[in-house]
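Numbering (the numbering used here), first residue to last: 731 to 822. Glycine included, each C-beta is placed from N, C-alpha and C at the ideal position. Here is the structure we will look at, set down as structure tokens.
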């Protein structure tokens, strides 16, 4: 699957990591709902780290449709509340 990190790059990520991303996504939604800034930032950074560590970056000149789009690590809770739905960034 192709994952885009906003403000960064696109990565090819094996779908075997989808369960891990889903867990983090659920935590992000919970932390966002509870306005837990530090925990939200920690989960988002862990998600981005997982994508960067386990994925292969695409050449920046190559743009492909993304299966998932992850916000940049500096997103605010206010900005995140506009992007996230009750199901998070990864649809059920």
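Counting only runs of 3+ residues, the beta strand (DSSP E) found wholly inside the stretch 731-764 occupies 732-735, 740-742, in chain order. In its chain, beyond the 5 residues on either side, 735, 800, 803 have a beta carbon closer than 7 Å to the beta carbon of residue 778. Per DSSP, reduced to three states, the secondary structure at residue 780 is helical. The Cβ atoms of residue 732 and residue 797 lie closer than 7 Å to each other.
In terms of Cα proximity to residue 774, the closest of 741, 756, 745 is 756.
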